[in-house]
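Participant: Here the sequence shown stands for residues -17 to -1, 1 to 456, where the numbers follow mature numbering (1 follows the signal peptide of the UniProt record, and there is no 0).
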Amino acid sequence: MFLASLLSVFAGAWLFAAAPFTVTMKSAGYSARSDGKTVTVTRVVPGSVAAEAGLEKGMKVTGVPQPFRAFIKVPLPQLGATDLQDALTPQPAEDLWLRVETKRGPDQLILKSREPLPDNPFPVMPLTAAQQERLTPLQANRYQARMVQSAMEAMRRPRAELRQRTTAYVVKGRLTGIDGGGATPLWLHPSMELRTPCGDRLEKVELSSATGDVNLTLRPGEAGEPGGPFELAPPLWPVQQVLQCKSTPTDLERTLHVKLSCKGLPPGEQDVSVKLTVHCDEPYGASRRAQPPLVLGEPKDFLVGDKTPLQLEVFAHQLIPRPTEVTVVELDAQGQVTRRLAPAPMGKNAREPGQRLQLTLDTTARRTARLALEARFSDGSTWLSEPQTREIRTRAQVEALRREALEANDRADAFLEDLHDRFSAPCADLPTTMKWILAHPAIESAQGTSGKIYYRVKGSASPYSAVFMCGYD
């Protein structure tokens, strides 16, 4: 009865009861009827609290001297059913004094509650003003003490700190890059750093979501170092939702609940916000690109029949999220997997260096070998890295390339001689110089900037342009 009355919202307590009604005080073992003018006892259970106090059927209840109840602002007959029932019910571990009219005249009876004090009389804090009005003086004292205790506990409760900043870039319906996170083909995973003030007293951190798609328990051993922060990347947004971006940056937000348990402290609970900013039709800057997950080492080229192992370095453990399985695969020209060469090693965490691996390619015929990492994730999806290539050539091809390189070097030397013969200061009139360079038969392409001329000689095997530095000619 006590809890039910506290957690109810009451209005019109002093309104006149238009029709008679009966209320039953189960814990005290009696019932009473109100007709708007008098409150009359209609039933008393034998052996009950009411019977023990001497309450009898037919007695009229005229008042409640003790305990004081602030919500009783009118005579008892004018109270509504809920207020009257609460007023006539002894509260747990307290006495209720009733003023009654008997056949012998006025009297006062004391109903002694048999209910023990609840272990937690105030499960919801704080109480509203209306709820506090229903408290007895003893309950009000306990409530104030509980408020002080609650404030002190709040000061002692540990709070976690979440550090996270994630931005996704979408161009023409395609996810082109992510800062501060990663993605599988199905889900986008923001990178988060969760810090706690517990140090070596940390027992566990529980991270959950209202939708149930996040339910993690982190133990001290899962931090990067003892007492250090936790690094995690849970799946929070479906990739298809991220791709539905607008022309202006869009913010997506999720709320996670954190429960922090530290030895010797009350558990701390809080909600944290995780945000994702999505840029639509804005290219992902090349300077922000992450370490490629697969790096090919020596040899740079192969002869047909060469059995020299190819050296590789794998950075799959730096992918976000961390894959469950990684394999080095070979692709055809269309990007389809033609063979799986070897499982790839992964470091224990993202801070470890690349994991070294070597494998033997099929060099029985001239071809281009296209290698990639195939990563499988816990959500069941599979992802392929950008292919890296190695050429397998015949001796005749290698000799032809060598001759082409020598011829390209000769053309480059001849071009520079022509440039110096034609211009004493090539950068003095850059537009005129560039017009002459672009018309030169040895040049494939060129462009000039302040202080530099970039040019590419026809037949050059280098993927980069040569540079002519003004002022050093």
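Even for Gly, the Cβ is constructed at its ideal location relative to N, Cα and C.
What residue range does the alpha helix (DSSP H) around LEU226 cover?
Facilitator: Element bounds for LEU226: 222 to 226.
Participant: Compute the Euclidean distance between the alpha carbons of TRP220 and GLU369, then round it to the nearest angstrom.
Facilitator: Each residue's alpha carbon lies about 24 angstroms from the other.
Participant: Under 8 angstroms, do LEU110 and PRO75 count as touching if we go by C-beta distance?
Facilitator: Contact flag unset, no.
Participant: Look at the alpha carbon of ARG439 and the alpha carbon of SER428, and state the distance between them as a whole number of angstroms.
Facilitator: Rounded to whole angstroms, ARG439 to SER428 spans 5 angstroms at the Cα level.
Participant: Kindly provide the ranges of any beta strand (DSSP E) runs that are 3 or more residues long and lie completely inside the segment 269 to 311, ordered along the chain.
Facilitator: If we require 3 residues or more, the beta strand (DSSP E) runs fully inside the segment 269 to 311 come out as 277 to 279, 284 to 286, 293 to 297.
Participant: With DSSP as the reference, identify every bridge partner of ASP234, one or two as the case may be.
Facilitator: ASP234 is bridged to THR260.
Participant: Under 8 angstroms, do PRO104 and PRO50 count as touching if we go by C-beta distance?
Facilitator: Against a cut-off of 8 angstroms, the Cβ pair of PRO50 and PRO104 comes out as no contact.
Participant: Go through the segment 310 to 381 residue by residue and report every complete run of the beta strand (DSSP E) that reaches 3 residues or more, in order.
Facilitator: With a minimum length of 3 residues, the continuous beta strand (DSSP E) runs that stay inside the segment 310 to 381 are 320 to 326, 338 to 342, 350 to 359, 365 to 367, 371 to 376.
Participant: If distances are taken between C-alpha atoms only, which option among GLN317, MET329, GLY363 comes closest to ALA352?
Facilitator: ALA352 has its Cα closest to that of GLN317, out of GLN317, MET329, GLY363.
Participant: Take THR260 as the anchor and find which of GLU84, THR85, LEU226, ASP412 has the nearest alpha-carbon.
Facilitator: Closest by alpha carbon: LEU226.
Participant: Report the CB separation of THR25 from SER10 in whole angstroms; it is logged as a contact under 8 angstroms.
Facilitator: About 17 angstroms; that fails the 8 angstroms criterion.
Participant: In whole angstroms, what separates the C-alpha of SER270 from that of GLN147?
Facilitator: Legend: pLDDT at SER270 = 49, less than 50; position of this residue unreliable, value from coordinates given subsequently. Going by the C-alpha atoms only, they are around 20 angstroms apart.
Participant: Need the endpoints of the beta strand (DSSP E) that GLU39 sits in, please.
Facilitator: Per DSSP, GLU39 belongs to no beta strand (DSSP E) and is neither H nor E.
Participant: Just the Cα atoms here: how many angstroms apart are GLU77 and VAL197?
Facilitator: Their backbone Cα atoms lie some 46 angstroms apart in a straight line.
Participant: Name the two residues that bound the continuous alpha helix (DSSP H) containing ALA76.
Facilitator: Per DSSP, ALA76 belongs to no alpha helix (DSSP H) and is neither H nor E.
Participant: Look at the alpha carbon of residue 464 and the alpha carbon of LEU356, and state the distance between them as a whole number of angstroms.
Facilitator: Here the chain covers residues -17 to 456 and nothing more, so residue 464 does not appear.
Participant: Whose C-alpha, out of THR432, CYS410, PHE398, GLY434, is nearest the C-alpha of HIS423?
Facilitator: Comparing Cα positions, the closest option is PHE398.
Participant: Leaving out five residues on either side along the sequence, give the residues of the same chain with a beta carbon under 6 angstroms from the beta carbon of residue 465.
Facilitator: Within the shown structure, residues of the chain are numbered from -17 to 456, placing residue 465 beyond reach of any answer.
Participant: Give the DSSP-derived three-state secondary structure of GLU116 in the structure shown.
Facilitator: Note: GLU116 maps to helix in three-state DSSP.
Participant: By DSSP, does GLY442 sit in helix, in strand, or in coil?
Facilitator: It is coil, neither helix nor strand.
Participant: Excluding the five sequence neighbours on either side, which residues of its own chain have a C-beta within less than 8 angstroms of the C-beta of THR307, listed in chain order?
Facilitator: Contacts found: ARG359, PHE360, SER361.
Participant: Going by alpha carbons, who is nearest to GLY363 out of GLN430, ARG142, GLU205, TRP170?
Facilitator: Taking only the C-alpha atoms, the option nearest GLY363 is TRP170.
Participant: Can you tell which of ARG52, ASP102, LEU177 has the C-alpha that lies nearest to the C-alpha of LEU118?
Facilitator: Checking every option, the nearest Cα to that of LEU118 belongs to ARG52.
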